[in-house]
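Novice:
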Amino acid sequence: MSPFRTDLFAGRVALLTGGGTGITRGIAEMLAAHGAETVLVSRKAEHVMSAATEIEQTFKRRSLGFAADVRQPESLEVAVAYAVKELGRLDILVNGAAGNFPCPSGDLTPNGFGTVIDIDAKGTFNACRAAYHAWMREHGGSILNISATLHYGGTPGQVHVAAAKAAVDALTRTLAVEWGPLGIRSNAIAPGPIGDTEGAKRLFPGEVGERIAAAVPIQRLGTIADIAALALFVLSDAGANLNGAIIPSDGGLSLRGIFDQAFTSRL
Ligand code: HXC
């Protein structure tokens, strides 16, 4: 049972990149369940079209799929124009499209590094820019970027992702200050390990996931539902004073330090 009013986002329109799967799909469903109309953007047409159809049928709110690659600024401009033309407005942008594969830094090619920067960092900028020009500059809006916590320390095999998500954080804070006066809020959620995503199944399968869960202070991995509920809070009027916030949702995992086991064993 949702803790939010079911008409919380009635009359609002949200565009979500990476909306066909995983965390962003979960946010799209939560928004639709609370009254929003949604446009899901993903480079994989088959994912995004079926996801939009399922959301529309389940929640009885319009949901449209649009195939576009966030690495191509022009295709995002077309996606945003499509949202405004079909649904009449664009109140919310969720940047969830992300690339991730583990790779030792010495083995990573320049193109491998650049590909993740292009998707996560430049893709987020491209979508923000498109939404700004097509709607938000005139009417305001709310931007929610999906960041991560792995750049808070050093995460082996993730130099490309860490660099990209650090850029997403910088972008979130900068836009908050620059576009805040126009009524555009810019915030980010930084999920820790989220157990029920395809990415998690690939990046930390089975027993690895169990070991990570045991290290989380609340003793479990996060869920897509955890992130979707937080997204609703940030995007709703309950989050009206949040701007430039980067909110970790990781059960406290990123707070653990090198000394914690030594000191815990003395307690
Ligand atoms: C080394 C790799 C690689 C791998 C790709 N590359 N996969 N290098 N190990 N496993 C390199 C390629 O060799 C190539 O460089 C360059 O990256 C581009 O690869 P392509 O396959 O041509 O690119 P593309 O088809 O565009 O797709 C790449 C990708 C994809 C989008 C990055 O591999 C990917 O990540 N898919 C997974 C998407 C995903 O799961 N997203 C959720 C993220 S979860 P060269 O030099 O050979 O040309 C997340 C959570 C993190 O972010 C938090 C965890 C706690």
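Numbering-wise (the numbering used here), the sequence shown opens with residue -7 and increments by one. We put the beta carbon where it would ideally sit given N, CA and C, even for glycine.
Return yes when the C-beta of alanine 159 is under 7 Å from any heavy atom of the ligand HXC, and no when it is not.
Specialist: no
Novice: So, alanine 230 versus glycine 18, is the Cβ gap smaller than 8 Å?
Specialist: No, they are not a contact pair.
Novice: Pick helix, strand or coil for isoleucine 186, following the three-state DSSP scheme.
Specialist: strand
Novice: Less than 7 Å between the CB of threonine 256 and some heavy atom of the ligand HXC, yes or no?
Specialist: Taking the Cβ of threonine 256 as the reference point, every heavy atom of the ligand HXC lies at 7 Å or farther away.
Novice: Using 8 Å as the threshold, is the C-beta distance between asparagine 92 and glycine 191 below it?
Specialist: Yes, they are a contact pair.
Novice: Do glycine 14 and serine 34 have their CB atoms nearer than 8 Å?
Specialist: In this structure, serine 34 does not lie closer than 8 Å to glycine 14 by Cβ.
Novice: Would you kindly work out how many angstroms separate the C-alpha atoms of threonine 30 and phenylalanine 251, rounded to a whole number?
Specialist: 45 Å
Novice: So glycine 133 and leucine 68 are in contact, right, with Cβ under 8 Å, and what is the actual spacing, rounded?
Specialist: At roughly 15 Å, the Cβ-Cβ gap does not stay under 8 Å, so glycine 133 and leucine 68 are not in contact.
Novice: Only counting the same chain, and skipping five residues up and downstream in sequence, which positions put a Cβ closer than 8 Å to that of aspartate 112?
Specialist: Taken in chain order, the residues that qualify are Ala89, Ala90, Gly91, Val153, Ala156, Lys157, Ala159, Val160.
Novice: Near aspartate 61, what residues of its chain come up, given a Cβ to Cβ distance below 7 Å and the 5 sequence neighbours on each side ignored?
Specialist: Arg35, Ser67
Novice: Which residues bound the beta strand (DSSP E) around leucine 56?
Specialist: 55 to 59
Novice: By Cβ distance, which residues of its chain are closer than 8 Å to arginine -3, with the 5 residues on each side in sequence left out?
Specialist: His26
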